[in-house]
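For the sequence shown, numbering that gives the first Met the number 0 begins at 0 and goes up steadily by one.
Backbone N, C-alpha and C define an ideal beta-carbon position, used for all residues, glycine too.
Keep in mind the model is a prediction, meaning the values are calculated, not measured.
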Amino acid sequence: MSMNNAPNVFLDPNANRFQVNIINEDHDNNETTQEDVGSDPPHYEETSFTDETHNRLRISYRPGKRELYDNFCQNGEKTEASLHPYDTHSKMYYLQTFGHNTMDPVPKIDYYRNTGSVSGNKLNRPSLLEIHEQLAKNIAVSTGSAERVVNGESTTGDETAVSKEEENKTGFVKFGWVKGVLVRCMLNIWGVMLFIRLSWIVGQAGIGLGVIIILLATMVTSITGLSTSAIATNGFVRGGGAYYLISRSLGPEFGGSIGLIFAFANAVAVAMYVVGFAETVVELLKESDTLMVDESNDIRIIGTITVVCLLGISVAGMEWEAKAQVILLIVLLVAIANFFIGTVIPTNTEKKARGFFNYQASIFAENFGPDFRSGEGFFSVFAIFFPAATGILAGANISGDLKDPQSAIPQGTMLAILITTIAYIAVAICAASCVVRDATGNVNDTIVPGMSCNGSSACGLGYDFSRCASQPCDYGLMNNFQVMSMVSGFGPLITAGIFSATLSSALASLVSAPKVFQALCKDNVYKGLEFFAKGYGKNNEPIRGYVLTFVIAMAFILIAELNTIAPIISNFFLASYALINFSCFHASYAKSPGWRPAFRYYNMWVSLFGALLCCGVMFVINWWAALITYAIELFLYIYVTYKKPEVNWGSSTQALYFVNALDSALALTTVEDHVKNFRPQCLALTGAPMVRPALLDITHSFTKNNGLCICCEVYMGPRKLCVKEMNSGMEKKQAWLTKNKRKAFYAAVAADSFRDGVKSLLQASGLGRMKPNTLVIGFKKDWRSAPATQVENYVGIIHDAFDFELGVIIIRISQGFDISQVLQVQEELEKLEQERLALEATIKENDFEEGKRGICGFFKKASTLNISKHETKKESTINTIQSMHVGEFNQRLIEASTQFRKKQGKGTIDIWWLFDDGGLTILIPYILTIRKKWKNCKLRIFTGGKVNRIEEEKLVMASLLSKFRIKFADINIICDINIKPNKESWKFFEEMIEPYRLHESCKDITTAEKLKRESPWKITDAELEAFKEKSYRQVRLNELLQEHSRAANLIVLSLPVARKGAVSDYLYMAWLEILSKNLPPILMVRGNHKNVLTFYS
0 MSMNNAPNVF
10 LDPNANRFQV
20 NIINEDHDNN
30 ETTQEDVGSD
40 PPHYEETSFT
50 DETHNRLRIS
60 YRPGKRELYD
70 NFCQNGEKTE
80 ASLHPYDTHS
90 KMYYLQTFGH
100 NTMDPVPKID
110 YYRNTGSVSG
120 NKLNRPSLLE
130 IHEQLAKNIA
140 VSTGSAERVV
150 NGESTTGDET
160 AVSKEEENKT
170 GFVKFGWVKG
180 VLVRCMLNIW
190 GVMLFIRLSW
200 IVGQAGIGLG
210 VIIILLATMV
220 TSITGLSTSA
230 IATNGFVRGG
240 GAYYLISRSL
250 GPEFGGSIGL
260 IFAFANAVAV
270 AMYVVGFAET
280 VVELLKESDT
290 LMVDESNDIR
300 IIGTITVVCL
310 LGISVAGMEW
320 EAKAQVILLI
330 VLLVAIANFF
340 IGTVIPTNTE
350 KKARGFFNYQ
360 ASIFAENFGP
370 DFRSGEGFFS
380 VFAIFFPAAT
390 GILAGANISG
400 DLKDPQSAIP
410 QGTMLAILIT
420 TIAYIAVAIC
430 AASCVVRDAT
440 GNVNDTIVPG
450 MSCNGSSACG
460 LGYDFSRCAS
470 QPCDYGLMNN
480 FQVMSMVSGF
490 GPLITAGIFS
500 ATLSSALASL
510 VSAPKVFQAL
520 CKDNVYKGLE
530 FFAKGYGKNN
540 EPIRGYVLTF
550 VIAMAFILIA
560 ELNTIAPIIS
570 NFFLASYALI
580 NFSCFHASYA
590 KSPGWRPAFR
600 YYNMWVSLFG
610 ALLCCGVMFV
620 INWWAALITY
630 AIELFLYIYV
640 TYKKPEVNWG
650 SSTQALYFVN
660 ALDSALALTT
670 VEDHVKNFRP
680 QCLALTGAPM
690 VRPALLDITH
700 SFTKNNGLCI
710 CCEVYMGPRK
720 LCVKEMNSGM
730 EKKQAWLTKN
740 KRKAFYAAVA
750 ADSFRDGVKS
760 LLQASGLGRM
770 KPNTLVIGFK
780 KDWRSAPATQ
790 VENYVGIIHD
800 AFDFELGVII
810 IRISQGFDIS
820 QVLQVQEELE
830 KLEQERLALE
840 ATIKENDFEE
850 GKRGICGFFK
860 KASTLNISKH
870 ETKKESTINT
880 IQSMHVGEFN
890 QRLIEASTQF
900 RKKQGKGTID
910 IWWLFDDGGL
920 TILIPYILTI
930 RKKWKNCKLR
940 IFTGGKVNRI
950 EEEKLVMASL
960 LSKFRIKFAD
970 INIICDINIK
980 PNKESWKFFE
990 EMIEPYRLHE
1000 SCKDITTAEK
1010 LKRESPWKIT
1020 DAELEAFKEK
1030 SYRQVRLNEL
1040 LQEHSRAANL
1050 IVLSLPVARK
1060 GAVSDYLYMA
1070 WLEILSKNLP
1080 PILMVRGNHK
1090 NVLTFYS
């Protein structure tokens, strides 16, 4: 194989077979050279593409110049060696890749980005059409376009460039996994429970069950952490935390419902943590007798001041908030270390009286087993502890502020769970190994010689706390919430730890709530919340969300009963955990190829178990709060489902829809067809569905929720143009069907002729058992003026349908179906209206500018008047066009196009069941009568019979319909179908077919044969004579239809069948024309002569 542009590419010993070079189409081949790369490793091209007016630019850096190229891309500064000499050339270039000249680009991450990505610009690779078709010549590339591509900017949209420019200008503050996730999760998990409730929990449950309670809570959070890690590593994670993870996995319905309550839960959690902090401060004030007002009001005052301070830190920016978190973590770690140090410092008499004896084996043994009191049990104690294990989503909630969320969230979350769990277990065991359950606090309660002892560990250590069994005591694990302060080396540090735990959790929640809420509002899941989507500053801070969170927190600090709301908030968090676990399970179960998490340490069944476990824990904590949570979530789910936000996130719900549909379709193939399960599955030749809405509407009336409906369109003409137009319109037309609530599919083919296209559709449409069994087509109203090939194609389609054993329904309405002219005029009027509005906006803007200039505007008033006159002229032109088009509109055509959408009034559907086709002629109108729009219409049956057997024929037909369980209003036996029509009707028929007759009998044999060869489509005299009786019948049937069914809402009539090769196309069209002329909407139906009705059970 020769290569004209690079003849020596395989001869050069230094050339690499994967080298990529730029080749100029117009460049002399002999001048094309490759630089000697020497010892440097080969560099490969990074290629950019832009679709702006189909311009193409290829950018390359030569070996050894990569550093200069990188510098240029990063800084936008041109140096002498920054670019290849051809980079700004105005001619078209293509690549020499892998030894071939091609437009194919090398793989690059920028082709896979989303539009508007802040992490990089989306570039557009050449389309398949551009690579597949002949290479376009002399395509100019603008310098501006060149510069944009060189600078790494795609021309796909201004928004992308703007977002990138803003990022470069201001600089986002991004956090690593330690400061962004680990620190936040540890602070949020280590709450006030660690310091004031853990000792009580281990006192109630004992060391053994206490550790189990901690591990059980950890199991819930660990499984959730694994699921979170899997979802977070399955693609790029934006801001929004739990909401983002759930919504992108399960869709907007689940994500929208849980996102709102999760954001609300975080906002109320701010109030809870701040009140915890305020209560501790008030206790200190109370001890020193320095209360400001009273306890409750002091809590409100201190809580308000605290929330304002926290809000200030948050609004100052994520960087300040992160620094505050680090300081609080240091304080918290010092407090915990202070506790452990205190356990080994020798105790004193006062602490012994309060139950602290340092590490003692006897105390460990005594406290190992449970001692539940005051009605407490395992699950009630677990419910009290579990909120201390939550907070694992603190890092994920600021996912948009992380440098690499995919690695930071798994690392930080799982390590935080491990560290905090070890700390909880260690504190619990150490406290239970040093402190007895009950102590009096009286230093005189020592054992003297000869005094009996109750055998407790305290007795062995010289103290008698036996009276605690009969009267309440104030100290010990069971009675004193300040055990950690007592045990610690320096008590105030524990108080500082409590402050740190409460403030850090409050700060994390204050940041999480607005971030999640902002992401929810940006997605526009709830239409009225767009106001809160706006961000400010370099980190896109949700200032409006901060204010809303502040208002909610203040409201609950001032007026709410937090003890009542706390279980609901805990359940809100648990509901989020449950859905995250379910998201991981659902994504795995759907088996979508797009589910490829980088984090491998998860299992779909473990995630499902975690989801069920979270639901169970919700009821353990508080059953009524769990019910309220489910009720709120269900309400929001139904609301979002009803509103149907226009988003497409490739959720696992969508993937599961496909899997279920595929499984059902495959299962359906194993089910044998049965007449009882027959349903009309229609292939409707509507063209574009919006062009023939009435044809679609009547077809939809008997297929909706009952059978398959495929709207088909055939594109004819040059294949390249047809395929391009067809591909570009597929989604638009299917979307039109969905928007107009038409349960139908759209299919299109490109073919050389209409008949060939329909033949392809008849053979290939459908899937498995879901294949069309009935062809629905509109009557060709213009058959007399249309070219003979169109008439041949039309009748040929009917023959093809019968050949493929499909039933055929031909529908005719008086005004016809095609409203394309109306749509075209409406589109023109809409454009004119848009121009008028744009003109008005321009004039208003000019008036505003002139008004600002004051007196100077007066002198320019003349120009304004001219514009106004132009506007008036424009409006009058529009009005003239509108009135002109209204006159041109066929108002009856517009009304006819919507007639089947309206509810039909009381009337009849007349069924002329003349020939037995398997029952389709009777089944279609029956299905119509069970529809809401047609339920007021009664069925009237007309059939042929003999004059002397009218009553017998009626009874036979009534018996048949009764067995089919089809209700009818009347049965009419028509006895005079086969008599000749009146002369006027027959004369009209003859005049109608006259232009298409051959009249060969009037000519000699040679001339007649010549005419047959020249016009084979014409009706011969022999044919007309052979089918004269059948022609009489069609004309006579129209007379009877005029007589009996002129006032019917709808007529359903047996379709006559033309025998192939015997009946010409024009004679058959004449039959259909005379049969259906001047009648209400009529359906000419012919089944495939296989039973579609049965009276057997």
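Here's the rule I'm using: 16 or more other beta-carbon atoms within 10 Å means buried, otherwise exposed. How should residue i be labelled?
{"i": "Glu-66", "result": "Note that Glu-66 has pLDDT 48, beneath the 50 cutoff, so the model's placement of it is unreliable and no number is given."}
{"i": "Val-1091", "result": "buried"}
{"i": "Leu-1082", "result": "buried"}
{"i": "Thr-583", "result": "For the sequence presented, residue 583 should be read as Cys rather than Thr. By the 10 Å Cβ count, Cys-583 comes out buried."}
{"i": "Leu-1078", "result": "buried"}
{"i": "Tyr-545", "result": "buried"}
{"i": "Phe-480", "result": "exposed"}
{"i": "Ala-1025", "result": "exposed"}
{"i": "Tyr-995", "result": "buried"}
{"i": "Pro-924", "result": "buried"}
{"i": "Trp-622", "result": "exposed"}
{"i": "Leu-557", "result": "exposed"}
{"i": "Cys-308", "result": "exposed"}
Check whether the Cβ atoms of residue i and residue j lie closer than 8 Å to each other.
{"i": "Ala-364", "j": "Ile-568", "result": "no"}
{"i": "Lys-173", "j": "Ala-321", "result": "no"}
{"i": "Phe-555", "j": "Ile-564", "result": "yes"}
{"i": "Val-236", "j": "Pro-404", "result": "yes"}
{"i": "Ala-266", "j": "Gly-302", "result": "no"}
{"i": "Gly-649", "j": "Pro-679", "result": "no"}
{"i": "Lys-350", "j": "Met-485", "result": "yes"}
{"i": "Ile-940", "j": "Cys-974", "result": "no"}
{"i": "Pro-592", "j": "Thr-232", "result": "no"}
{"i": "Ala-512", "j": "Ala-683", "result": "no"}
{"i": "Ala-624", "j": "Asn-570", "result": "yes"}
{"i": "Gly-190", "j": "Ala-427", "result": "no"}
With which residues is residue i paired in a DSSP beta bridge?
{"i": "Ile-940", "result": "Ile-910, Ile-970"}
{"i": "Cys-681", "result": "Cys-708, Thr-773"}
{"i": "Ile-1050", "result": "Asp-909, Ile-1081"}
{"i": "Glu-286", "result": "DSSP lists no partner for Glu-286."}
{"i": "Phe-355", "result": "Val-434"}
{"i": "Gly-806", "result": "Thr-773"}
{"i": "Phe-174", "result": "Leu-401"}
{"i": "Arg-996", "result": "Ile-1018"}
{"i": "Val-713", "result": "Val-748"}
{"i": "Glu-540", "result": "Tyr-535"}
{"i": "Tyr-474", "result": "Ala-438"}
Assign residue i to one of three DSSP states: helix, strand, or coil.
{"i": "Gly-490", "result": "helix"}
{"i": "Leu-122", "result": "coil"}
{"i": "Tyr-588", "result": "helix"}
{"i": "Leu-460", "result": "coil"}
{"i": "Tyr-925", "result": "helix"}
{"i": "Tyr-291", "result": "It is worth fixing the name first, because residue 291 is Met in this sequence and not Tyr. Note: Met-291 maps to coil in three-state DSSP."}
{"i": "Thr-788", "result": "helix"}
{"i": "Arg-299", "result": "helix"}
{"i": "Thr-445", "result": "strand"}
{"i": "Leu-1092", "result": "coil"}
{"i": "Arg-891", "result": "helix"}
Against chain D, does residue i count as a neighbour if the rule is that its beta carbon must be under 8 Å from one of theirs?
{"i": "Gly-239", "result": "The structure shown contains no chain D; it is built from a single protein chain."}
Contiguous alpha helix (DSSP H) assignments of at least 4 residues, all confined to the segment 598–672: As far as the segment 598–672 is concerned, its whole alpha helix (DSSP H) runs of at least 4 residues are 603–620, 622–642, 651–668.
Runs of alpha helix (DSSP H) wholly within the segment 723–786 (minimum 4 residues, chain order): The segment 723–786 contains these whole alpha helix (DSSP H) runs: 753–763.
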